[in-house]
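Protein chains in written order, with full-length UniProt numbering: chain A, 1 to 348; chain B, 1 to 348.
The beta-carbon is built from N, C-alpha and C at its ideal position, and this holds for glycine as well.
Number of protein chains: 2
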Amino acid sequence: MIEDKNPQRTSISQLGEFGLIEHLTRNFDVTQESTLKSIGDDAAVLDFKDKKTVISTDLLIEGVHFDLAYMPLKHLGYKAVIVNLSDICAMNAKPTQITVSVAVSNRFPLEALEELFEGITHAAKEYKVDVIGGDTTSSQKGLIISITAIGEADENEIAYRNGAKQTDLLVVTGDIGAAYMGLQVLEREKQVFQVNPNSQPDLDPYTYLVERQLKPEARTDVRTLLHALEIKPTSMIDISDGLSSEIIHLCKQSKVGCNLYEDKLPLDPQFISTCEEFNIDSTTVAINGGEDYELLFTIDINDFDKIKGNPNFSIIGHMADESEGIHLVTRANTKIALKARGWDALSE
Amino acid sequence: MIEDKNPQRTSISQLGEFGLIEHLTRNFDVTQESTLKSIGDDAAVLDFKDKKTVISTDLLIEGVHFDLAYMPLKHLGYKAVIVNLSDICAMNAKPTQITVSVAVSNRFPLEALEELFEGITHAAKEYKVDVIGGDTTSSQKGLIISITAIGEADENEIAYRNGAKQTDLLVVTGDIGAAYMGLQVLEREKQVFQVNPNSQPDLDPYTYLVERQLKPEARTDVRTLLHALEIKPTSMIDISDGLSSEIIHLCKQSKVGCNLYEDKLPLDPQFISTCEEFNIDSTTVAINGGEDYELLFTIDINDFDKIKGNPNFSIIGHMADESEGIHLVTRANTKIALKARGWDALSE
């Protein structure tokens, strides 16, 4: 697919490893005060002064984490950065730098790598993080992206997974489930295209869903919003594997139970109508579909007044004693035990 | 090869992603004071107080960077860590933490991953670095390892590549070329084995060379040694791609020239005799063969007395004005321009 689209091809071996790194990183500026030395030495040098350093890393493999049939390389580069920044946001910290390593098989021309790095550069600029290092190499098969994200925070603002108390409220940002339905729409189009290559996909009714899948955003704004409301989350996690799975992580690590309310789940109207069209239960998708990169956190019950009615946040449940277990309370007021099924649950 | 050796096989999918991370990281202790939060949250949290943070990352791909036919998984895990720690040493900094991400195809049973992590754990313990995060996932083909190393240093002790002055001396630690010849020995044995699977390899005469290739060490001791001698290197780099290539990096970034003396190159007797046996010019291997993970650095000429005769260091040349270029001065006293050929030079 990549080869067909691009008439101009430069072999990666023509540039050599050193030429390639220089070429791909030429658009990266240093904007963070904490970056003392960026790309160009054996290692980057950072200075966080009295802040703590927060570090997270992710490995993305073609055919496992993404499908280039419907994921343009520019979007992939953007999303790969976002996924990692989201982990830093999930600590209630501020992302400041990333390192980017890429391995590609020889089926990728230089122009393909440039497109990928265009997406990476775009995300780095958008989120004001410095690309301070990395590695480019060849792979035996497909495209491999490894990103490490670095961030900073004051010690007292860092939110771990294990701080939830049994009286806390459970809050989620934005809306959930849309990224998963975006993927369903794209997979359907891919199948239609395979049967009839002349078909024109009409993605207009699904713009929001497809965007949530192809161009997710990291909630770097939440830290500022909470700070302004004078709320310190007692625990926090990002929604990559699905709400259900993440709630269980918070509960297990905090040794508490939880009641999640079906009627409180924040769902986009386009998400609901597409679930109906696909004949899938929207609640099942909302709690098990992943990749929303929204933040899930708990707050002290005394902070209720500060957050209620705020359009950025939805209170979707409350924590409980560990012995009460972890449940979804349905609209019909029945309790169903939550299971950490994530993506698997939906492919059954 | 892996499948045959191991009668007991546990499929990775039996454990699931979360189980796998918990299982593989159970032997990692936190020993560094700077590690506030290790594995188990969205990100790790570090505190370097008034020290600077140094970060480097590497991606290792099966079939490109290593061959499991002669690289046991335990050694591979160990070496993957060393390669990254070496980059931190090359900044004259102290390695403190690493993150480890691994992707494997389903041809690897759990026992293979355990062996790999045994090597990683061993290196981490040996060098007192904390494994603070990572990712495990499946790959379409082969084994992929991505490691990010983190270290600390006082700002005034960090050595960059661009600090060499034209009057500086050029110094290297240990001896060079042995790792490359170790690889040649292993490749020869592999070919013999392919022709006659009953052959017993006799590696005894090559123990040092094979060890340099399969179990390299990171020169974390050099920082302490130099500190004790009251020497601050003006520039520094580690020898991964070959001496010649690294000298050119230092020269280009420092805007100086260099004269490297053939008769000063530190070569092990086993290395010299094996080069003779293989009928390869030892100087060519010494300056172009890589993976020695020794440190190359420049010092002020006034520090000569502090370092001369020290068994840990060899003065192999001196820097010069940029206009003089970068040369090898042979035993016959002729000057040959150095080229950054690295590994390629030897496969011509």
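Considering only THR136(A), TYR70(A), LYS128(A), the residue with the shortest C-alpha distance to VAL100(A) is THR136(A). DSSP places LEU85(B) in the uninterrupted alpha helix (DSSP H) bounded by 73 to 89. Against chain A, the CB of MET91(B) has a partner CB under 9 Å away; the residue lies at that interface. Residue nearest to GLU324(B) within the set ASN92(B), PRO311(B), VAL256(B) is VAL256(B) (criterion: CA-CA distance). Taking a cut-off of 8 Å on C-beta distances, the region 260 to 275 of chain B touches the region 179 to 197 of chain B, as three or more cross pairs fall below it. At a Cβ-Cβ threshold of 9 Å, LEU116(B) and LEU59(B) do not count as neighbours.
Counting the other Cβ atoms within 10 Å of the Cβ of PRO216(B) gives 16 or more, which makes it buried. With at least 16 other beta carbons inside 10 angstroms of its own, GLY317(A) counts as buried. The beta-carbon of VAL192(A) is placed no less than 9 Å from the nearest beta-carbon of chain B. Listed along the chain, the chain B residues whose CB falls inside 9 Å of the CB of GLU62(A) are GLN140.
Along the length of the region 194 to 235 of chain A, whole beta strand (DSSP E) runs at least 3 residues long do not occur.
For MET236(B), at least one C-beta of chain A is nearer than 9 Å to its own C-beta. Per the Cβ contact rule, the region 297 to 304 of chain B is in contact with the region 166 to 175 of chain B (3 or more Cβ pairs under 8 Å). Scanning its chain for C-beta atoms nearer than 8 Å, with the 5 sequence neighbours on each side dropped, one finds around LEU338(B) the residues SER244, ILE247, ILE248, CYS258, LEU260, ILE287, ILE326, HIS327, LEU328, in chain order.
Against VAL54(A), the close residues of chain B are ALA43, ALA44, VAL45, LEU46, in the order they occur along the chain (beta-carbon pairs closer than 8 Å).
DSSP, reduced to helix, strand and coil, places GLN184(B) within a helical segment of the structure shown.
In the DSSP assignment, ILE239(B) falls outside any beta strand (DSSP E), carrying neither H nor E. Taking 9 Å as the cut-off, the beta carbon of ASP292(A) is found closer than this to the beta carbon of ARG212(A). Under DSSP, THR136(B) takes part in a beta bridge, and its partners are VAL102(B). Membership of ASP305(B) in any beta strand (DSSP E) is not indicated; the residue belongs instead to the alpha helix (DSSP H) covering 304 to 307. Closer than 7 Å at the C-beta level to chain B, one finds these residues of the region 153 to 177 of chain A: ILE158, TYR160, ARG161. With fewer than 16 neighbouring CB atoms inside 10 Å of its own CB, SER199(A) falls in the exposed class. Less than 9 Å separates the beta-carbon of ALA149(A) from that of ILE55(A). At a C-beta separation below 8 Å, SER101(A) has these neighbours in chain B: THR57, ASP58, LEU59, SER146.
Taking a Cβ-Cβ threshold of 8 Å, none of the residues of chain A is close to ILE326(B); the smallest such distance is about 16 Å. In the three-state scheme derived from DSSP, where H, G and I count as helix and E and B as strand, ALA340(A) is classed as coil.
Any Cβ of chain B closer than 9 Å to the Cβ of LYS232(A) would place that residue at the interface, and such an atom is absent. In this structure, ALA218(B) keeps its C-beta atom at 9 Å or more from the C-beta atom of LEU20(B).
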